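In the UniProt record's numbering, the protein residues as written are 1 to 671.
Heads up: the structure comes next, in structure tokens.
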Amino acid sequence: MAKVNITRDIIHRQIKERGALGFERHYHVTDPFIRRLGLEAELQGHSGCVNCLEWNEKGDLLASGSDDQHTIVWDPLHHKKLLSMHTGHTANIFSVKFLPHSGDRILITGAADSKVHVHDLTVKETIHMFGDHTNRVKRIATAPMWPNTFWSAAEDGLIRQYDLRENSKRSEVLIDLTEYCGELVEAKCLTVNPQDNNYLAVGANEPFVRLYDIRMIHNHRKSMKQSPSAGVHTFCDRQKPLPDGAAQYYVAGHLPVKLPDYNNRLRVLVATYVTFSPDGTELLVNMGGEQVYLFDLTYKQRPYTFLLPKKCHTSGEVQNGKTATNGVSNGIHLHSNGFRLSEGRGHGSPQVELPPYLERIKQQANEAFACQQWTQAIQLYSRAIQKAPNNAMLYGNRAAAYMKRKWDGDHYDALRDCLKAISLNPCHLKAHFRLARCLFELKYVAEALECLDDFKGKFPEQAHSSACDALDRDINAALFSKSDNAEDKKAGGPIRLRATGRKASISEDEMVLRERSYDYKFRYCGHCNTTTDIKEANFFGSNAQYIVSGSDDGSFFIWEKETTNLVRVLQGDESIVNCLQPHPSYCFLATSGIDPVVRLWNPRPESETLNGRVVVDMEGASQANQRRMNADPLEVMLLNMGYRITGLTSGGAGGSDDEDSSEGQVQCRPS
């Protein structure tokens with residue numbers, strides 16, 4: 001992070017009162033604070049796992065819910081328990097929320113007994129009990145714009161809305177996921193946009209995350225009731241529970257095609273937590289069984305599949321990013337698995353050389369790559385890309401590092417980097433070849449063959465290299481294998497949406513919405529999320545400068561948002577960290593998990609002795625988590641029991657490329 005002059009900013013804040021908010025947001029969470037983050041206190045009072053945490057708006061109260069069916073309200077600044085009450089639930093509490101504009105008097109809880117309870121903290125009584133759900137209630141959401149209204153998500157596939165002003169003790173169904181996805185769908189999490197409370201995000205036991213316009217849904221229902229034919233229920237009415245435009249889907253572009261492989265390995269993809277950024281422009285998703293993803297709600301992009309400039313300038317140009325053009329003017333966005341070529345020709349000027357400090361970072365990244373320190377190389381390239389976002393060579397080099405590391409999703413990120421490099425420089429030789437390899441690894445075999453043929457035509461001097469021959473053999477072998485399963489392919493539907501195992505129960509409307517889904521902007525790797533389905537990930541800082549997530553290894557991870565680089569790992573639980581809730585205005589973090597305690601974290605004094613909870617070997621922890629995510633479920637169970645599994649490979653997860661060592665001229669060696 002860049003150095004700042006805090007003295008100058010303090011004076012500026014004193015002179016200009018309007019600058020106070022900007023000052024607070026800028027210095028809310030800073031890099032020095034993150035580097036000094038440590039354990040301040042442990043709040044003891046629960047007798048079971050602490051499954052949920054919630055700050056009040058001012059940040060002077062913290063509520064927790066537990067397997068012991070109690071909720072506790074804490075004074076976290078003085079480490080005191082203010083109130084403890086049994087909620088009336090008969091099973092684990094999974095969600096707790098303060099009702100907005102209630103003076104912190106009303107608390108809502110949802111639990112595994114399928115019930116939603118509303119409590120008056122001043123008299124320690126449960127004043128409302130809702131039993132409309134038929135399966136576990138996983139999350140509660142509230143909205144400041146509607147102080148008497150809240151929502152619940154449960155494993156019966158329903159999103160219910162409650163209005164405490166109504167005399168009725170029942171809720172209404174806002175969204176029924178089973179009408180789109182069949183009876184086995186489960187709603188796992190939900191959240192309301194803090195800047196526009198009309199938008200509700202929902203995660204389920206699948207890779208797609210849904211964003212709904214509540215206002216459109218209500219207006220649609222109202223118009224249906226007022227319609228003269230409202231009493232006539234047709235098949236079309238039943239199939240159209242939501243109006244067109246009321247739902248938008250988001251998914252990491254590589255996950256739908258990976259579902260068959262994950263299902264075969266009993267690896268479940270489930271959105272365990274969703275949350276909006278403080279300004280409401282970004283959506284963060286902790287994807288169980290995979291990584292953490294950030295979606296840009298303003299500058300949306302379709303899942304990347306393939307884009308290759310059709311024209312390339314003469315061979316007299318320098319290749320591999322050292323001389324470049326602007327490439328295709330309309331950018332990169334494809335949402336089908338078809339092979340598409342841009343008709344445009346780049347009209348750019350030679351790329352500006354990197355400034356000396358970025359050139360040094362690039363050289364450090366190249367050295368890390370040469371030492372097979374793939375993650376370090378990726379982080380260094382990412383840092384350089386943040387400062388020089390239009391440098392094709394940096395994207396091409398980072399793609400090579402992703403392809404070598406082979407963690408889950410790395411080949412898709414490499415494909416994105418290759419496409420970006422080609423858009424900046426259509427004659428980037430290595431990016432073209434790496435793109436073909438990425439397509440092959442992502443199971444787009446026919447597209448990989450066409451891409452490789454295009455590569456050979458553009459760069460005939462490489463057409464008979466050992467790397468090309470090896471990839472050609474791999475592709476043809478895969479095509480031959482796929483021809484044996486032609487019937488399966490015909491029955492599978494679009495490749496991005498295929499093989500959920502329950503295709504017959506997915507409606508046509510759902511298929512259309514999935515096909516129109518948007519891709520992620522950033523991906524955060526290192527943690528493991530396979531054991532629990534309530535694991536959170538959150539923005540940290542008023543400007544959402546950092547991302548935090550719990551993990552199955554008992555640690556929590558902190559990344560820089562813009563570079564996606566991992567900057568801090570702390571041991572937060574003896575088993576699993578599930579909950580992380582940042583304070584609304586201080587650099588203060590509350591966490592919980594399997595241990596029956598709530599832990600509070602803040603920047604420790606510089607004079608304090610060594611922080612024993614810091615995980616120094618962040619790379620080793622990240623690699624172990626990637627192996628854990630790809631382990632056999634039985635092996636994971638044994639790991640949880642304390643056995644050491646020796647059958648896991650020491651390399652990155654996700655399988656081997658079987659790359660020919662001689663292909664360095666076009667793929668491996670960074671530029």
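Just so you know, even glycine gets a beta-carbon here, dropped at the ideal spot from N, CA and C.
All figures in this text were calculated on a predicted structure; none of them were measured in a lab.
Proximity winner among the options, relative to residue i (alpha-carbon distances)
i, options, result
"Ile547", "Leu283, Val257, Asp261, Asn205", "Leu283"
"Asp213", "Phe98, Val268, Val192", "Val192"
"Val202", "Lys225, Glu155, Ser171", "Glu155"
"Glu608", "His28, Glu40, Asp31", "Glu40"
"Gly48", "Arg170, Val598, Arg613, Leu471", "Val598"
"Lys115", "Asn264, Pro144, Ser507, Ala91", "Ala91"
"Leu242", "Ala370, Glu560, Met224, Ala544", "Met224"
"Asn219", "Asp244, Asp196, Asp617", "Asp244"
"Leu449", "Asp413, Phe480, Asn611", "Phe480"
"Cys528", "Asp472, Pro605, His464, Ala631", "Ala631"
"Arg514", "Tyr402, Pro256, Asp474", "Pro256"
"Ser505", "Gln161, Gly38, Gly182", "Gly182"
"Val614", "Phe556, Pro32, Met403", "Phe556"
"Ala365", "Leu380, Glu359, Cys371, Pro355", "Leu380"
"Gly110", "Val512, Ala271, Ser152, Met85", "Ser152"
"Thr134", "His101, Asp104, His128, Thr178", "Thr178"
"Gln161", "Lys188, Tyr262, Glu186, Phe130", "Phe130"
"Ala384", "Tyr402, Asp413, Gly409, Leu354", "Leu354"
"Tyr520", "Lys300, Arg170, Ser66, Gln226", "Lys300"
Sub-8 angstroms separation of residue i and residue j beta-carbons
i, j, result
"Gly593", "Gly572", "yes"
"Arg523", "Tyr357", "no"
"Ile422", "Ala431", "yes"
"Thr375", "Arg405", "yes"
"Pro278", "Pro194", "yes"
"Glu441", "His411", "yes"
"Thr530", "Met629", "yes"
"Ile34", "Ile558", "yes"
"Val209", "Ala247", "no"
"Tyr402", "Ala414", "yes"
"residue 686", "Phe94", "An answer regarding residue 686 cannot be provided, because it is not within the stretch 1 to 671 covered by the chain."
Range covered by the beta strand (DSSP E) that runs through residue i
i, result
"Val597", "597 to 603"
"Val116", "116 to 120"
"Arg568", "566 to 571"
"Tyr518", "Per DSSP, Tyr518 belongs to no beta strand (DSSP E) and is neither H nor E."
"Thr149", "149 to 154"
"Trp374", "Note, Trp374: premise wrong, no beta strand (DSSP E); alpha helix (DSSP H) at 374 to 387."
"Phe94", "93 to 98"
"Asp163", "158 to 163"
"Leu589", "589 to 593"
"Asn578", "577 to 582"
Limits of the alpha helix (DSSP H) - the one that residue i falls within
i, result
"Val185", "No alpha helix (DSSP H) holds Val185; DSSP gives it neither H nor E."
"Met629", "618 to 629"
"Thr126", "Where Thr126 is concerned, there is no enclosing alpha helix (DSSP H), although the beta strand (DSSP E) it sits in stretches over 125 to 130."
"Gln364", "356 to 370"
"His432", "429 to 441"
"Pro260", "255 to 264"
Own chain partners of residue i with C-beta closer than 6 angstroms, once the 5 adjacent residues on each side are dropped
i, result
"Glu57", "none"
"Val268", "Gly289"
"Ser575", "Gly554, Ile594"
"Ala143", "Val192, Asn197"
"His117", "Thr87, Gly88, Thr109, Thr126, Met129"
"Thr563", "Ser382, Arg383, Gln386"
"Thr298", "Thr281"
Rounded distance between the beta-carbons of residue j and residue i, thought under 8 angstroms
i, j, result
"Leu394", "Ala388", "6 angstroms"
"Asn397", "Ser671", "6 angstroms"
"Ile159", "Ile175", "4 angstroms"
"Leu53", "Asp75", "The pair is not a contact, with the Cβ atoms about 14 angstroms apart (cut-off 8 angstroms)."
"Ala537", "Tyr273", "6 angstroms"
"Tyr180", "Ser517", "In fact, because the Cβ distance is near 13 angstroms, the residues do not count as touching under 8 angstroms."
"Leu99", "Pro147", "7 angstroms"
Residues near residue i in its chain [Cβ-Cβ closer than 8 angstroms; skip 5 each side]
i, result
"Leu83", "Ile72, Val73, Leu121, Lys124"
"His233", "Model confidence at His233 stands at a pLDDT of 45, short of 50, so the residue's coordinates are unreliable; what they give is reported in the following sentence. Same-chain partners within the cutoff: there are none."
"Thr646", "With a pLDDT of 39 at Thr646, under the threshold of 50, the modelled position of this residue cannot be trusted; read the value that follows with caution. For Thr646, where only same-chain residues beyond five positions count, there are no Cβ hits under 8 angstroms."
"Arg165", "Asn148"
Chain-order list of residues whose beta-carbon lies under 7 angstroms from that of residue i (same chain, five-residue window excluded)
i, result
"Ala370", "none"
"Gln239", "For Gln239, the predicted structure reports a pLDDT of 48, less than 50, and the residue's modelled location is therefore unreliable. The matter cannot be settled from this model."
"Gly157", "Asp176, Leu177, Thr178, Val185, Glu186, Ala187"
"Val173", "Leu158, Arg160"
"Pro603", "Phe33, Arg36, Leu37, Cys587"
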